[in-house]
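Residue numbers (our numbering), protein chains in the order written: chain U, 32 to 598; chain A, 32 to 598.
Protein chains: 2
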Amino acid sequence: MSQKNILFIMYDQLRFDYLSCAGHMTLTTPNFDRVAQRGVRFTNAYVQSPVCGASRMSTYTGRYVASHGAGWNKFPIRVGEVTLGDHLRQNGMSCWLLGKTHMQADEEGMARLGIPKDSIIGVRQSECGFDPWVRDDGLHGNGWDGDYGENDGPYNRYLKEKGYDTANPWATYANGSVENGRLASGWFIENADKPANIREEDSETPWLTREAIRFIDQATGPWCAHVSFIKPHWPYIVPAPYHDMYGPDDIQPLIRHEAERENANPVYESFFTNKIAETFRDDEARNKAIIAYMGLIKQCDDQLGALLDHLEATGRDRDTVIVLTSDHGDYLGDHWLGEKDLFHEVSVKVPLIIADPDPACDATRGTASDALVEQIDLAPTFVEMAGGTPPMHILEGRSLVPLLAGERPANWRQYVISEYDYAVTPMAGRLGMASRDARLFMVYDGRYKMMHSAGGHRPMLFDLESDPDEYHDRGDDPAFRPALDRLYGYLHEWGLRMSQRVTMSEADIDRKKGEPQREGVLVGVNREDDLGEDFTRHYTGPARQIHFEREEDRRVLGGLSSTDESE
Amino acid sequence: MSQKNILFIMYDQLRFDYLSCAGHMTLTTPNFDRVAQRGVRFTNAYVQSPVCGASRMSTYTGRYVASHGAGWNKFPIRVGEVTLGDHLRQNGMSCWLLGKTHMQADEEGMARLGIPKDSIIGVRQSECGFDPWVRDDGLHGNGWDGDYGENDGPYNRYLKEKGYDTANPWATYANGSVENGRLASGWFIENADKPANIREEDSETPWLTREAIRFIDQATGPWCAHVSFIKPHWPYIVPAPYHDMYGPDDIQPLIRHEAERENANPVYESFFTNKIAETFRDDEARNKAIIAYMGLIKQCDDQLGALLDHLEATGRDRDTVIVLTSDHGDYLGDHWLGEKDLFHEVSVKVPLIIADPDPACDATRGTASDALVEQIDLAPTFVEMAGGTPPMHILEGRSLVPLLAGERPANWRQYVISEYDYAVTPMAGRLGMASRDARLFMVYDGRYKMMHSAGGHRPMLFDLESDPDEYHDRGDDPAFRPALDRLYGYLHEWGLRMSQRVTMSEADIDRKKGEPQREGVLVGVNREDDLGEDFTRHYTGPARQIHFEREEDRRVLGGLSSTDESE
Numbered sequence: 032m033s034q035k036n037i038l039f040i041m042y043d044q045l046r047f048d049y050l051s052c053a054g055h056m057t058l059t060t061p062n063f064d065r066v067a068q069r070g071v072r073f074t075n076a077y078v079q080s081p082v083c084g085a086s087r088m089s090t091y092t093g094r095y096v097a098s099h100g101a102g103w104n105k106f107p108i109r110v111g112e113v114t115l116g117d118h119l120r121q122n123g124m125s126c127w128l129l130g131k132t133h134m135q136a137d138e139e140g141m142a143r144l145g146i147p148k149d150s151i152i153g154v155r156q157s158e159c160g161f162d163p164w165v166r167d168d169g170l171h172g173n174g175w176d177g178d179y180g181e182n183d184g185p186y187n188r189y190l191k192e193k194g195y196d197t198a199n200p201w202a203t204y205a206n207g208s209v210e211n212g213r214l215a216s217g218w219f220i221e222n223a224d225k226p227a228n229i230r231e232e233d234s235e236t237p238w239l240t241r242e243a244i245r246f247i248d249q250a251t252g253p254w255c256a257h258v259s260f261i262k263p264h265w266p267y268i269v270p271a272p273y274h275d276m277y278g279p280d281d282i283q284p285l286i287r288h289e290a291e292r293e294n295a296n297p298v299y300e301s302f303f304t305n306k307i308a309e310t311f312r313d314d315e316a317r318n319k320a321i322i323a324y325m326g327l328i329k330q331c332d333d334q335l336g337a338l339l340d341h342l343e344a345t346g347r348d349r350d351t352v353i354v355l356t357s358d359h360g361d362y363l364g365d366h367w368l369g370e371k372d373l374f375h376e377v378s379v380k381v382p383l384i385i386a387d388p389d390p391a392c393d394a395t396r397g398t399a400s401d402a403l404v405e406q407i408d409l410a411p412t413f414v415e416m417a418g419g420t421p422p423m424h425i426l427e428g429r430s431l432v433p434l435l436a437g438e439r440p441a442n443w444r445q446y447v448i449s450e451y452d453y454a455v456t457p458m459a460g461r462l463g464m465a466s467r468d469a470r471l472f473m474v475y476d477g478r479y480k481m482m483h484s485a486g487g488h489r490p491m492l493f494d495l496e497s498d499p500d501e502y503h504d505r506g507d508d509p510a511f512r513p514a515l516d517r518l519y520g521y522l523h524e525w526g527l528r529m530s531q532r533v534t535m536s537e538a539d540i541d542r543k544k545g546e547p548q549r550e551g552v553l554v555g556v557n558r559e560d561d562l563g564e565d566f567t568r569h570y571t572g573p574a575r576q577i578h579f580e581r582e583e584d585r586r587v588l589g590g591l592s593s594t595d596e597s598e
Numbered sequence: 032m033s034q035k036n037i038l039f040i041m042y043d044q045l046r047f048d049y050l051s052c053a054g055h056m057t058l059t060t061p062n063f064d065r066v067a068q069r070g071v072r073f074t075n076a077y078v079q080s081p082v083c084g085a086s087r088m089s090t091y092t093g094r095y096v097a098s099h100g101a102g103w104n105k106f107p108i109r110v111g112e113v114t115l116g117d118h119l120r121q122n123g124m125s126c127w128l129l130g131k132t133h134m135q136a137d138e139e140g141m142a143r144l145g146i147p148k149d150s151i152i153g154v155r156q157s158e159c160g161f162d163p164w165v166r167d168d169g170l171h172g173n174g175w176d177g178d179y180g181e182n183d184g185p186y187n188r189y190l191k192e193k194g195y196d197t198a199n200p201w202a203t204y205a206n207g208s209v210e211n212g213r214l215a216s217g218w219f220i221e222n223a224d225k226p227a228n229i230r231e232e233d234s235e236t237p238w239l240t241r242e243a244i245r246f247i248d249q250a251t252g253p254w255c256a257h258v259s260f261i262k263p264h265w266p267y268i269v270p271a272p273y274h275d276m277y278g279p280d281d282i283q284p285l286i287r288h289e290a291e292r293e294n295a296n297p298v299y300e301s302f303f304t305n306k307i308a309e310t311f312r313d314d315e316a317r318n319k320a321i322i323a324y325m326g327l328i329k330q331c332d333d334q335l336g337a338l339l340d341h342l343e344a345t346g347r348d349r350d351t352v353i354v355l356t357s358d359h360g361d362y363l364g365d366h367w368l369g370e371k372d373l374f375h376e377v378s379v380k381v382p383l384i385i386a387d388p389d390p391a392c393d394a395t396r397g398t399a400s401d402a403l404v405e406q407i408d409l410a411p412t413f414v415e416m417a418g419g420t421p422p423m424h425i426l427e428g429r430s431l432v433p434l435l436a437g438e439r440p441a442n443w444r445q446y447v448i449s450e451y452d453y454a455v456t457p458m459a460g461r462l463g464m465a466s467r468d469a470r471l472f473m474v475y476d477g478r479y480k481m482m483h484s485a486g487g488h489r490p491m492l493f494d495l496e497s498d499p500d501e502y503h504d505r506g507d508d509p510a511f512r513p514a515l516d517r518l519y520g521y522l523h524e525w526g527l528r529m530s531q532r533v534t535m536s537e538a539d540i541d542r543k544k545g546e547p548q549r550e551g552v553l554v555g556v557n558r559e560d561d562l563g564e565d566f567t568r569h570y571t572g573p574a575r576q577i578h579f580e581r582e583e584d585r586r587v588l589g590g591l592s593s594t595d596e597s598e
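Set out below in structure tokens:
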């Protein structure tokens, strides 16, 4: 079909397996499932880093973390890095942001290049290439500092207009509850079972959903809207009626085994011995967190339903591609860990559902694809959906358009890569890592998953065929050496990939072939007649000679005056 | 000493072994030797790519080719890439260009960021960070096209003012001779034995030397001047009296062996079967080229003498560091090759002499250092000489200042890297290489030198201890497998280096540690009392409650009005 819009919806910290279409045992998500019914659900989709900022910067640039360098939350993405927005606008599609990006502007670089922050170029540089409809990253701190530490993000402004009368209602209402007349902050997991002190319709997910509807109703296509929800990301607290919608019996079994802590890899150990992991080993805390997490997801699903209904009511469902994904998962106590950071499936694999109304995709509706997919594949996919040709000298992912049409390219990728830069975390300190060595690399080939530590610690290796739960680290098992060597071969090949020749397209390369000679530059040509008359004539002809005053010069070339010409 | 200037002199295509201080048998270069007597001569200095453009972009950014991406001549360096000039100006030192850079501006990137080409920022972006005093890259084509194809570079303008009356006197006078009243172009090696049709003092090297003197006499320090000569780069032609100063008997023996062509590595073979290599297997052509090449170097040495004399006469020698180097070598028929491109010593190793008047360097005057040095070491060296601290999150080289003071850091590098992107050359086509695979990597550890081909061809390996002339490729000799494996280990480690985290210095990394908690973000904290009262008080306090209209909300949090406060 000729013209499409792209509704690019991202949830934050949504695990791949917390959807009913992905097999969750008790949580029903009819609206996620509804989109899956209309499109393709990718069951092997991986993020390029299991931490918000780095993962998103890769998704928004279509490049690996090592290629753009923004390896952790709020590491600025270098000025001039080309983004999804740049590519889409080049192809006549606008690209808007609603919600969270975790983007930090390279203000030093912008100043060096004289780019005003308030210019259109400056704003796009500051918002990772998006035109901001409304940006709010959530996570507005405690806000209960003395006279209520002021916070005036768009969402707090909305709450204040609605009468939530503190300096930071995000913290004191949307992410807090009340107990005995005192604030019970959602920042503390012990309060996760309490209802947020806010009307449900004023909480973050419904607010952003209404913003999305407001955007869609006024947008003139073709447009790409990145609707980026902060939830189900912590603080783990949700308003009624979602706060007690689930109970301990609805919680899936822990993915955890004592074998994981025996002779544990030192890097893994530094993570499961941190404060967060300890908290998630407290069953009561863990249960409260998961029950709230499930409530938050259920609220996301209900709001997704409202959004889908609106698209259908307005006919936008017929020309709008819907993309549902996340920036990483959440350990929730599995593998003795909390949060994300490492590369177990529950952390590095994400939900990815794409429903394209294009008739070319009719054959794949309601199907699942187990192709190895990376989040950087979205940028080239969107460029192709916008009618463009993905600039593969800049983008490192692959377009998913063929997969959506039911094709499975013969040369599809053999492995996925994910990275984690933990230089600023306490684990780097405990492992005595230099900041440039505190980097981890994951290679997964569809069966074996390897974690390489730049700092020199031994690798981790899992065989997901015989050990789907990733309990048994085979990193130092000789029997698995061939698999480990193969994955290292992939990693080393990837390390030497061409990632920075971003100013030269394939067409530019072709144009440059033979350019020196076209410019009259001859290299290693001996005789005038070696190249033929029609070429040589450009290099010879009647000579002009200057007048040489000095004897030694005359000796050499004679003494014609500069006006004479000898034939 | 407090304040220095840096006279950063680069010759183009000057072989490391064509100086008398480096042991040339017949060519005497008393002025190069004079600088060597005052400083340190580095005998293991390698360029990051054996081709002008890529080598220079690495030298001017202090970063490997794979890091900046400008892999061949006139591949634009991406807008915003931080340069030597940026670093020096930050430390109060100006940075000027006189002569050649081979820089190509990223005009597309500049337009995308709204940088006007004629602004100071735009000019520096276009000149790889230098402030241009005079830029001329030489190589102005044939100029004999119909009505003398116009060329108005600074050097041609100079010649025209001097009465050299053609549209492109660079081609018709400075790089041409006269035979039977017709132009004998220097572009053809058969004319290399003829004197250029120009007064010696008007040829390129004396002209740029006078520009350098003119610059120095008006400059107020501290300054860095990149005086970048196009010679002894081809066209191989030189004015009298240098054209017949040497004869066939002055030519050093060929470094060439039949064994090199037996079972030759396919990549190497594709280079020694090209047109240029064939020309340099013609003894007459080769002799003419080398005799002219030696004359050009001799002229460079005489002009260097004039420059040194001027520095001494004006006292500038006492506060000016002198750096002499080149951007790559020249095969001149050795190893069955012409030109540069590959990684034999005569191509990838360059002269590097640094004379620093600082008393701290007195102990090393007149000495040689065999430390493994890369051309990207110059940028951090110059930053330190300017009184700054090299930003090692951007610069990939190492300061040579300790070596100049006679120290040999214990952790000095174990290997050097060089790269070559031959995507636009005919060899890529003949080898059937995809443009992104047409890349070569050299690893040299001081004894073994390996060439890896990204395209999958077998590696080349030389043992320079038992085979200093690099005649015997051990790439597929099992006896050398351990050495090959070790070099591959270095290459793979290098491939995974952190090269793009350029917006975060070590200080920035340290500042970020614990930042989320400072911003009130708590991760995985269970109970309010887990962190102590003075911390928790920011998260709790008297609650405000809003009025809930709906029954189900009231059921949950009661119905206080938004004005009430409960204690």
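Built from N, CA and C at the ideal position, the CB exists for glycine as well.
If you draw a straight line from the Cα of D401 of chain A to the Cα of F73 of chain A, it is about 6 Å long.
Within the region 94-112 of chain U, those residues whose Cβ lies closer than 8 Å to any Cβ of chain A are, in chain order, A97, S98, H99, G100, A101, G102, W103, N104, K105, F106, P107, I108, R109, V110 and G111. Residue-level contact by beta carbon fails for W254 of chain U and chain A, as no gap is shorter than 8 Å. Exposure of G194 of chain U is indicated by the presence of fewer than 16 other C-beta atoms within 10 angstroms of its C-beta. Q334 of chain U and Y521 of chain U have their alpha carbons spaced roughly 41 Å apart. Under DSSP, no beta-bridge partner is assigned to M464 of chain A. Rounded to the nearest whole angstrom, the CA to CA distance from S33 of chain U to S259 of chain A is 54 Å. When rounded, the separation of the alpha-carbon atoms in L338 of chain U and C331 of chain U is 10 Å. Nearest CB-CB separation between W443 of chain A and chain U: not below the 8 Å threshold. For A344 of chain A, no beta strand (DSSP E) encloses it; the enclosing alpha helix (DSSP H) starts and ends at D314 to T345. Approximately 5 Å separates the beta-carbon atoms of T534 of chain A and D137 of chain U; this is inside 8 Å, confirming the contact.
Annotated as distal: F413 of chain U and L129 of chain U, with beta-carbon spacing of 8 Å or more.
DSSP lists U:Y77 as the beta-bridge partner residues of E405 of chain U.
One alpha carbon belongs to L434 of chain U, the other to V404 of chain U, and they sit about 10 Å apart. Contact with chain A is found for Y195 of chain U, since one of that chain's Cβ atoms lies less than 8 Å from the residue's Cβ. A straight line joining the alpha-carbon of N182 of chain A with that of K191 of chain A spans about 10 Å.
Rounded to the nearest angstrom, the gap between the Cα atoms of A256 of chain U and C126 of chain U is 6 Å. For K480 of chain A, the uninterrupted beta strand (DSSP E) run begins and ends at Y479 to S484, by DSSP. A Cβ-Cβ distance of about 28 Å is found for the pair G145 of chain U and A410 of chain U, leaving them out of contact under the 8 Å criterion.
Here the alpha carbons of P382 of chain U and D389 of chain U stand approximately 22 Å from one another.
The beta-carbon of N173 of chain A is placed less than 8 Å from the nearest beta-carbon of chain U. For F303 of chain U, the nearest beta carbon of chain A is not closer than 8 Å to its own beta carbon. For R241 of chain U, the closest Cβ of chain A is not nearer than 8 Å. Setting aside the 5 residues that flank it on each side, R317 of chain U is surrounded in the same chain by F311 and G364, each with a C-beta closer than 6 Å to its C-beta; the list follows chain order. Here the C-alpha atom of Q548 of chain A lies approximately 46 Å from the C-alpha atom of M473 of chain A.
Here the alpha carbons of L373 of chain U and R489 of chain U stand approximately 15 Å from one another. Interface criterion met: the Cβ of L527 of chain U is under 8 Å from a Cβ in chain A. For the pair E438 of chain U and S80 of chain U, the CB atoms are not nearer than the 8 Å cut-off.
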